[in-house]
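S.K.: Please see the structure below; I have some questions.
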Amino acid sequence: MHSSPDSAVRPKVALVTGASRGIGLATARLLAGRGYRVVISARGEEGLAEAADQLRPFAPGLCHCAADATDPAAVARLMGLIQQRCGRLDVLINNAGGSHHGRPLDAMSPEDWELTLRQNLTAASLACRAALPFLKVQGGAIVNVASLAGRQRSLVAACDYAAAKAGLIGFTRQLALELAPWQIRVNAIAPGLTGTERVDGRWQDLPEDERRSRLAAIPMGRAGRPSEIAEAISFLASDAASYITGATLDVNGGAFMG
Ligand SMILES: NC(=O)c1ccc[n+]([C@@H]2O[C@H](COP(=O)([O-])OP(=O)(O)OC[C@H]3O[C@@H](n4cnc5c(N)ncnc54)[C@H](OP(=O)(O)O)[C@@H]3O)[C@@H](O)[C@H]2O)c1
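Counting in my numbering, the sequence shown runs from 546 upward without gaps.
Here it is, written out as structure tokens:
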């Protein structure tokens, strides 16, 4: 088991963005089970409240706050709530993001490009910046959720998404360098195809031969489970990774071996 936070005094506080479903929800569940006090956020209030209801029985002190991770004012309100309710922040998981289209460059609008960059790159920088006053007090860990698309190439994502996730990996390395003197570690994970509800829904609509060829590109022959991605995030956030910073961990069933 990964080392648990020292809960003898006060539990460590972890913020997971984009935690109303998918990888974020699985991560929040795992971190709560490992003794963190968890704060979850997403844009949609209803989905977030449902996620909070699911987590609450085994997540003491759980807080949830609807916030668009691309909106600096909303991020500031979220950090204000953390200050008020928890008084500290030890771990930041920048998970909010995703791709909202799969169009080639010449069919993509400037607004598509901007939105993808804001959701998958700018949002992480906003949260990191807003979290620094907390993290600089006692040190901590940031984990950015990138993608195989930003590590190598994607069979499905568009180039704005690949650019944003590759940018997030560069951001991770440079920020790790900047924050090392404060004992703040900054790492990323790069998941491959992961069977969240959203991905499963789209998967069912694909023709059989397309599904087969996508699975053939994964040596382990299957998509990852959200809980498997959450394990990698939890490891990088934990003291078990206390000397790891600036790294990107591939979690992809062998689809890309860096
Ligand atoms: N699933 C995969 O195959 C895969 C592979 C590689 C990387 N990833 C990355 O892993 C992360 C999670 O993916 P997922 O598949 O779990 O996605 P998902 O199931 O679509 O969940 C996304 C979560 O993020 C929230 N969210 C989206 N945009 C947001 C914003 N601007 N501000 C705040 N919250 C926001 C969503 O809630 P609201 O819509 O209510 O805001 C939801 O809670 C993403 O960064 C994605 O790029 C996923």
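Think of the CB as a built atom: it goes at the ideal place given N, C-alpha and C, for glycine as much as any other residue. Given the structure is predicted, the values throughout are model-derived calculations rather than measurements.
Since I believe Ile638 is in contact with Leu724 (beta carbons under 8 Å), could you give me their beta-carbon distance rounded to a whole number of angstroms?
M.R.: Your numbering for residue 724 matches position 179 in the sequence shown. Your numbering for residue 638 matches position 93 in the sequence shown. Contact doesn't hold; Cβ gap of about 16 Å is too wide.
S.K.: Quick one: any contact between the segment 750-766 and the segment 705-723, if contact means 3 or more CB pairs under 8 Å?
M.R.: Judged by Cβ distances under 8 Å, the segment 750-766 makes no contact with the segment 705-723, as fewer than three pairs qualify.
S.K.: Any idea if Asp551 is buried or exposed, counting beta-carbon neighbours within 10 angstroms, 16 or more meaning buried?
M.R.: Residue 551 sits at position 6 when you count from the first residue of the sequence shown. Residue confidence is low: Asp551 scores 44 on pLDDT, short of 50, so the model does not pin down where it sits. No coordinate-derived value is stated.
S.K.: If you count every other CB in all the chains shown that lies within 10 Å of the CB of Ser644, and 16 or more means buried, which is it?
M.R.: Reading the sequence shown from its first residue, position 99 is the one you call residue 644. Classification of Ser644: buried, given that the 10 Å Cβ count is 16 or more.
S.K.: Answer yes or no: the CB of Asn665 versus the heavy atoms of ligand 1, is any distance below 7 Å?
M.R.: Numbered from its first residue, the sequence shown carries residue 665 at position 120. Within the cutoff, so yes.
S.K.: Going by the C-beta, is Val744 closer than 7 Å to any heavy atom of ligand 1?
M.R.: Indexing the sequence shown from 1 puts residue 744 at position 199. Yes; taking the cut-off as 7 Å, the Cβ of Val744 has a heavy atom of ligand 1 nearer than that.
S.K.: Based on the DSSP secondary-structure assignment, which residues constitute the bridge partners of Ala733?
M.R.: Stepping through the sequence shown from its first residue, residue 733 is reached at position 188. Asn689, Thr793.
S.K.: Output needed for Ser699: all residues of its chain with C-beta closer than 8 Å, excluding positions within five of it in sequence on either side, in chain order.
M.R.: Along the sequence shown, read from residue 1 onward, the residue named residue 699 stands at position 154. Correct list, in chain order: Ser692, Leu693, Tyr706, Ala707.
S.K.: So, Ala735 versus Val796, is the Cβ gap smaller than 8 Å?
M.R.: Translated into the one-based positions of the sequence shown, residue 735 becomes position 190. Translated into the one-based positions of the sequence shown, residue 796 becomes position 251. Cβ distance < 8 Å, so Ala735 and Val796 count as in contact.
S.K.: Taking 8 Å as the threshold (C-beta atoms), are Ala768 and Gly740 in contact?
M.R.: Translated into positions along the sequence shown, residue 740 becomes position 195. Translated into positions along the sequence shown, residue 768 becomes position 223. Going by C-beta atoms, Gly740 is nearer than 8 Å to Ala768.
S.K.: Is the closest heavy atom of ligand 1 to the C-beta of Gly569 under 7 Å?
M.R.: The residue given as residue 569 occupies position 24 in the sequence shown. Yes, the Cβ of Gly569 comes within 7 Å of a heavy atom of ligand 1.
S.K.: Are the segment 782-793 and the segment 756-763 touching, with three or more C-beta to C-beta distances below 8 Å?
M.R.: Too few Cβ pairs lie closer than 8 Å, so no.
S.K.: Comparing the CB of Asp750 with every heavy atom of ligand 1, is any distance shorter than 7 Å?
M.R.: The sequence position of residue 750 within the sequence shown is 205, counting from 1. Every heavy atom of ligand 1 is 7 Å or more from the Cβ of Asp750, so no.
S.K.: Once you ignore the five residues that flank Gly563 on each side, which residues in its own chain have a CB closer than 6 Å to its CB?
M.R.: If you number the sequence shown from 1, residue 563 lands on position 18. The residues are Gly569, Ala587, Asn640, Ala641.
S.K.: Comparing alpha-carbon positions, which option in Leu713, Gly632, Gly592, Ala577 lies nearest Pro605?
M.R.: Here residue 605 refers to the residue found at position 60 of the sequence shown. The shortest Cα separation from Pro605 among Leu713, Gly632, Gly592, Ala577 belongs to Ala577.
S.K.: Does the Cβ of Gln664 have 16 or more other Cβ atoms within 10 Å, making it buried, or fewer, making it exposed?
M.R.: Here residue 664 refers to the residue found at position 119 when the sequence shown is read from its first residue. It is buried - the Cβ of Gln664 has at least 16 other Cβ atoms within 10 Å.
S.K.: When the Cα of Ser670 is compared with those of Ile627, Phe801, Ala614, which residue comes out closest?
M.R.: For the purposes of this step, residue 670 is identified with residue 125 of the sequence shown, where counting begins at 1. Checked all of Ile627, Phe801, Ala614; the closest Cα to Ser670 is Ala614.
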